[in-house]
Structures are given as C-alpha cells and as structure tokens.
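Participant:
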Amino acid sequence: MSNIKSLRTDLRNWLSSLIRIDKVDLDSPVGLYSDVAGAGNRLLAANTLIEFPVENLSYSKENNRAVVGSGVFRYSLTYRYAEELSLHDLPISELESLVESIQALALINSPSRSIRNLTIEAVEYPVNPRRDGEEADDWLVSCNFSFNITFTVTELCLSEDFFNNPDIPSGFTLNSLTLKVNKSEIPVTTKPGTFVEDSNITIQNPN
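Just so you know, the sequence shown maps onto residues 63 to 269 in this note's numbering.
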C-alpha cells in the first residue's frame, strides 16, 4: 500500500529510528528533561516533534496510468533548555549537525519505498532559539527541516467518516491491459525508426 498516509507513517518511523523523540505533538515540551525509556540516568533535554500539514500537494497521472503525488513535508524538532543558560550555552552547533545528518541520511537511504524522489527544501532558520515567554521563560530551540517528496499512490485510504459512498474501494483494480506489438524489418534492430506499430492486444479483467 502506498499513499500519503502510509508515507507519513514511514517518515515518522524512520525519524524515530534515527533520533530520540519524546513525543509527537503540536506543542512544545512541557518539562525540561526527557522521561523516555532509554535515557537512563542522563539528564537529556526534553523534545517534541511537530509534523506540519503537507504543503504544495499535487497529483498527476503518468503515461502508464500510475498516480504520482508531490508535496513538501515540514518538521520541527523542539528542545527545551533551562532559562538560566545563556545563548552561548545552548548546543547550537550540535543541533545544526543533527539537522545536517537527518537531511543527508534521507538523501542516502530513502525513508520509504513509496518515495520516487526526495530533495531537501531550503529552510531559512534550520536551528531557531527563542525564549518561551512563559513564567519560567525557558529556551525553546527548534530544529527545522523539510523534504520535497514525489511519491507513488497505489491504494486509496478512504474513511467512512468523510466519504458518502458505502462501498469504499480497498485499492486500485486493473480492468484491462493493452500490449502494443511492433513490427521490425529484417535484420531486427532496436534503432528508432526501424520498427512500426503493427497491432494492439487488449486483455480484459473478467471480473
């Protein structure tokens, strides 16, 4: 199965395999330190991963009738640090290396089999420190990265909560297959212009 929902899941699983993610949320981390199992006795800065809605989403149909989607997938991994730290105490360079590693690994090893092409979308501030603005006024440091992804769609994910049709298709069905038969001159060669289309053979799905 390949669609935007399965791609989202693959991207999240891939990120979770690379980096510690305390929580996937739209809010910044509440506490200072991570309580995720595996941190042990080390005091690690708490974080949350924000998955933004896809941008510039579009779809097209290729010559072979395959449906291809394209969009920008933006993420922000936000860490919380104590208010008494100065700007120079924050691990800015380490977090820049984190963003660099995520982007480089995404280019080297595809996060999903659904992905046809992945490029890195430019982000003005890949690491952005700011004050919380609340009573504690802790530091919130966001690591921002975006992927421009082209992906295949092989099965639709239609929820009964949104679609009126009670007979929701479970996937795409191949109704027919057309084979083009070309005739070449003797001796046979694959050079363009040496063969012409002779006939078409269409195989229909009996169901």
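Glycine is no exception: its CB is placed at the ideal position from the N, C-alpha and C atoms.
1) Identify every residue that forms a DSSP beta bridge with Thr213.
2) Pairs of beta-carbons, one from the region 129 to 145 and one from the region 85 to 93, closer than 8 Å: are there three or more?
3) Do Glu303 and Asn206 have their CB atoms nearer than 7 Å?
4) Just reading off the alpha helix (DSSP H) that Glu156 is part of, what are its end residues?
5) Just to confirm, is the Cβ distance from Asn118 to Gly131 under 7 Å?
6) Quick check on Leu275: does DSSP put it in helix, strand or coil?
7) Between Thr71 and Phe135, what straight-line distance do the alpha-carbon atoms span, to the nearest angstrom?
8) Cβ of Thr212 within 7 Å of Cβ of Arg178?
9) Name the DSSP beta bridge partners of Val98, please?
10) Determine, using beta carbons only, whether Pro188 and Val161 come nearer to each other than 7 Å.
11) Considering Cα atoms alone, identify which of Thr181, Leu157, Pro153 is closest to Ser138.
12) Mind checking which residues open and close the alpha helix (DSSP H) that includes Ile66?
13) Using a threshold of 7 Å, state whether the C-beta atoms of Asp84 and Ala108 are closer than that.
14) Whose CA, out of Val98, Val129, Ile164, lies closest to the CA of Leu73?
15) Skipping 5 residues on each side, what residues in its chain have a beta carbon closer than 6 Å to that of Trp76?
16) Could you compute how far the alpha carbon of Leu105 sits from the alpha carbon of Tyr121?
17) If I measure Cβ to Cβ from Arg192 and keep anything under 7 Å in the same chain, skipping five residues before and after, which residues do I get?
Facilitator: Let me lay it out:
1) Residue 213 is actually Phe in this sequence, not Thr. Per DSSP, Gly131, Ile177.
2) These segments touch.
3) As shown, the chain starts at 63 and ends at 269. That puts residue 303 outside it, with no answer to give.
4) 154 to 170 is the span of the alpha helix (DSSP H), which, as asked, contains Glu156.
5) Between Asn118 and Gly131, the gap from beta carbon to beta carbon reaches 7 Å or more.
6) Outside the displayed span of the chain (63 to 269) sits residue 275, for which this structure offers no information.
7) It is roughly 12 Å from the alpha-carbon of Thr71 to the alpha-carbon of Phe135.
8) In this structure, the beta-carbon distance from Thr212 to Arg178 falls below 7 Å.
9) BP columns for Val98 are empty, so no partner.
10) For Pro188 and Val161, yes; Cβs fall inside 7 Å.
11) Cα-wise, what sits closest to Ser138 is Leu157.
12) First-last of the alpha helix (DSSP H) with Ile66: 66 to 80.
13) The answer is yes: Cβ separation under 7 Å.
14) Checked all of Val98, Val129, Ile164; the closest Cα to Leu73 is Ile164.
15) For Trp76, the CB contacts under 6 Å within the same chain, skipping 5 residues up- and downstream, are Pro173 in chain order.
16) Annotation: Leu105 to Tyr121 spans about 45 Å, alpha carbon to alpha carbon.
17) Closer than 7 Å at Cβ, skipping near neighbours: Leu202.
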